[in-house]
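Reviewing the structure listed below.
Residue numbers (full-length UniProt numbering): 1 to 691.
So, in structure tokens, the structure goes:
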């Protein structure tokens, strides 16, 4: 019999913790929630102060029985679920089921699974935090009241299988609003003029800036011609030289949302994949001599705080590897947001000394890449700012001014380890200008005017959508990945070139929500609700009061929707071909995963086909079929022969309709960070990347 029983969420975590605590402790896993609201019904009684109806989750009965039996044999039970609202709720449910006093010191929390952190946490047990429990309970009840009331109406009026949730409805609105912006966008003409100049043996570029008093925009060919007529010679004079030293600070260590964004940009990971891999790194990996060790701190956090111990270890490492001048002189953490739960730290390696290189042959490829990203970001956050020398030079001829900008990295600082990615492919490069002084004569050797048109705002990528939801105060760190997953699974959006595009079904659902449930898709309303949930956690308001204030008005909208919403019939479109089985016309139907072709003679004939998208290229293998766009099980686009399975040609890269000029083989478009590069599949022929 063990003296102490510890209950965690996952078996992987249980093994590691038991080894750290010793023989007196038995560690068991609850496998997540054991008790929750039922899936088959609302589970909330709005007539009885929104009382939740909790049940043992189907399939978890045996787990709960085993935990009860183990608890009876132990002198004391510790509840060590994850350090967030969800984990606190799991601990609360377990305490009630196992007969543990929630006011006793039964709750243990830790932000990293390392020997020191685990042993220290058991020296400071605490009672269950009912503020955290109430905040989580309020969210669950609120989401049930919204989802389980609106979804049946959508099933009845539109089609079965639809759903509506608070955060997913706002995410869908953002995607549709952006699509409407793109459709309604009217491009505006503008021109740039690039001048190539010569100073001694150096040539450099400068852009037309203005008349010396103000910046001037060129909006048409006429204004460009008028400007070019003002340039009477190839001689310009240096009008001003402004030199500055600019400091660039490192980004703070990751929080959940920034980790998802950066993993999308740099590693091409979906949000769900990032969180799955981070969970494994947190719970522990067998790394050899040390055994199973948690490699990163808890991955669901919106705090950028770093412990003093971690800072000291990082500083020592930086001094040893790079030199004292690379250590950050500031110990200040980044400013926390208004809704930040600062109970735990930012996402960081549990030890700086476990470098990515040491773990490269131990971790899987994807785990290694994510760990490297987290390790480098943390180390860089503890390093000195980069120092750049910048220079701005104005070249004048009467009232025509060209401006040249140059910059040079004077001291790399944190950039020696890591530079934060952006949604735009802009890299910080040295742009060195020749030495010039005011009054110098500079020769112009070329003037290059170019016409441009303004571009519409880009569609949302996963990274950009997560960033926008975070900035608007919508959702919590744990909600982003499942939210993006849900709107795709429901068929409300699809991914095209890694950008979200709303489907016809998504637009229909959004329009219904906008008409009958405007508060649910209202960004300000949803953000205010998040603040209310935070106030519940802080004990400032009662959770029942927050829910009641919402539900009284929401209930009225439900009654109106049920009564006045007209049934929407999604009509089938003719596909322009006949069914090969029965000869009836084929039609386009709208399904959960978008449009597909089906026989109009359903249910007598159940023939269906995917909509095939050709790209105008003959199959290079069989010379008979056409290359068509297909999707893998993970929805990744690839290209194959229309005659499959007779011809098994496949390519992840998009083939193009011209042969290689060097060997006449197939040319494909290869996606690179710099843009798209056309290259041959057989020889070394490559073309310059196109952005």
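Yeah, the Cβ is synthetic: ideal placement off N, Cα and C, and Gly gets one too.
Paired residues, beta bridge with residue i - DSSP
{"i": "residue 639", "result": "629, 651"}
{"i": "residue 586", "result": "599"}
{"i": "residue 670", "result": "677"}
{"i": "residue 198", "result": "203, 443"}
{"i": "residue 190", "result": "452"}
{"i": "residue 381", "result": "Answer is none; residue 381 lacks a bridge partner."}
{"i": "residue 14", "result": "DSSP, once it has assigned bridges, lists no residue as partnering residue 14."}
Residue i - DSSP class collapsed to helix/strand/coil
{"i": "residue 676", "result": "strand"}
{"i": "residue 23", "result": "coil"}
{"i": "residue 162", "result": "coil"}
{"i": "residue 236", "result": "strand"}
{"i": "residue 356", "result": "helix"}
{"i": "residue 536", "result": "helix"}
{"i": "residue 573", "result": "strand"}
{"i": "residue 182", "result": "helix"}
{"i": "residue 452", "result": "strand"}
{"i": "residue 120", "result": "helix"}
{"i": "residue 554", "result": "helix"}
{"i": "residue 53", "result": "coil"}
{"i": "residue 229", "result": "helix"}
{"i": "residue 245", "result": "strand"}
{"i": "residue 61", "result": "helix"}
{"i": "residue 110", "result": "coil"}
{"i": "residue 618", "result": "strand"}
{"i": "residue 287", "result": "coil"}
{"i": "residue 548", "result": "helix"}
Bounding residues of the beta strand (DSSP E) (the contiguous stretch that carries residue i)
{"i": "residue 211", "result": "Counting along the chain, residue 211 falls outside any beta strand (DSSP E), and DSSP gives it neither H nor E."}
{"i": "residue 606", "result": "Where residue 606 is concerned, there is no enclosing beta strand (DSSP E), given that its DSSP letter is neither H nor E."}
{"i": "residue 407", "result": "400-411"}
{"i": "residue 265", "result": "Unbroken run through residue 265 is the alpha helix (DSSP H), 256-267; no beta strand (DSSP E)."}
{"i": "residue 75", "result": "Taken as a continuous stretch (DSSP letters only), residue 75 belongs to no beta strand (DSSP E), as it is neither H nor E."}
Any C-beta of chain C under 8 Å from that of residue i
{"i": "residue 299", "result": "This model lacks chain C altogether; it includes just one protein chain."}
Beta carbon of residue i nearer than 8 Å to that of residue j
{"i": "residue 465", "j": "residue 171", "result": "yes"}
{"i": "residue 113", "j": "residue 16", "result": "yes"}
{"i": "residue 561", "j": "residue 472", "result": "no"}
{"i": "residue 412", "j": "residue 389", "result": "no"}
{"i": "residue 443", "j": "residue 239", "result": "no"}
{"i": "residue 206", "j": "residue 348", "result": "no"}
{"i": "residue 370", "j": "residue 277", "result": "yes"}
{"i": "residue 28", "j": "residue 64", "result": "no"}
{"i": "residue 52", "j": "residue 109", "result": "no"}
{"i": "residue 89", "j": "residue 79", "result": "no"}
{"i": "residue 285", "j": "residue 517", "result": "no"}
{"i": "residue 382", "j": "residue 432", "result": "no"}
{"i": "residue 91", "j": "residue 81", "result": "yes"}
{"i": "residue 144", "j": "residue 32", "result": "no"}
Alpha carbon of residue i to alpha carbon of residue j, nearest angstrom
{"i": "residue 582", "j": "residue 605", "result": "7 Å"}
{"i": "residue 578", "j": "residue 491", "result": "26 Å"}
{"i": "residue 219", "j": "residue 189", "result": "6 Å"}
{"i": "residue 670", "j": "residue 401", "result": "40 Å"}
{"i": "residue 182", "j": "residue 55", "result": "47 Å"}
{"i": "residue 392", "j": "residue 242", "result": "5 Å"}
{"i": "residue 553", "j": "residue 164", "result": "17 Å"}
{"i": "residue 467", "j": "residue 227", "result": "42 Å"}
{"i": "residue 672", "j": "residue 445", "result": "34 Å"}
{"i": "residue 224", "j": "residue 399", "result": "14 Å"}
{"i": "residue 631", "j": "residue 680", "result": "23 Å"}
{"i": "residue 709", "j": "residue 665", "result": "Only positions 1 to 691 of the chain appear in this structure, which leaves residue 709 out of reach."}
{"i": "residue 501", "j": "residue 523", "result": "20 Å"}
{"i": "residue 336", "j": "residue 208", "result": "Its pLDDT being 42, under 50, residue 336 is placed unreliably in this model, and the coordinates cannot settle the point."}
{"i": "residue 458", "j": "residue 474", "result": "21 Å"}
{"i": "residue 116", "j": "residue 292", "result": "14 Å"}
{"i": "residue 373", "j": "residue 49", "result": "47 Å"}
{"i": "residue 169", "j": "residue 311", "result": "40 Å"}
{"i": "residue 572", "j": "residue 489", "result": "21 Å"}
{"i": "residue 102", "j": "residue 85", "result": "15 Å"}
Where the alpha helix (DSSP H) through residue i begins and ends
{"i": "residue 482", "result": "480-489"}
{"i": "residue 145", "result": "130-157"}
{"i": "residue 386", "result": "Unbroken run through residue 386 is the beta strand (DSSP E), 386-397; no alpha helix (DSSP H)."}
{"i": "residue 462", "result": "462-472"}
{"i": "residue 274", "result": "271-283"}
{"i": "residue 495", "result": "Run containing residue 495: none in the alpha helix (DSSP H); it sits in the beta strand (DSSP E), 493-496."}
{"i": "residue 516", "result": "504-516"}
{"i": "residue 317", "result": "308-321"}
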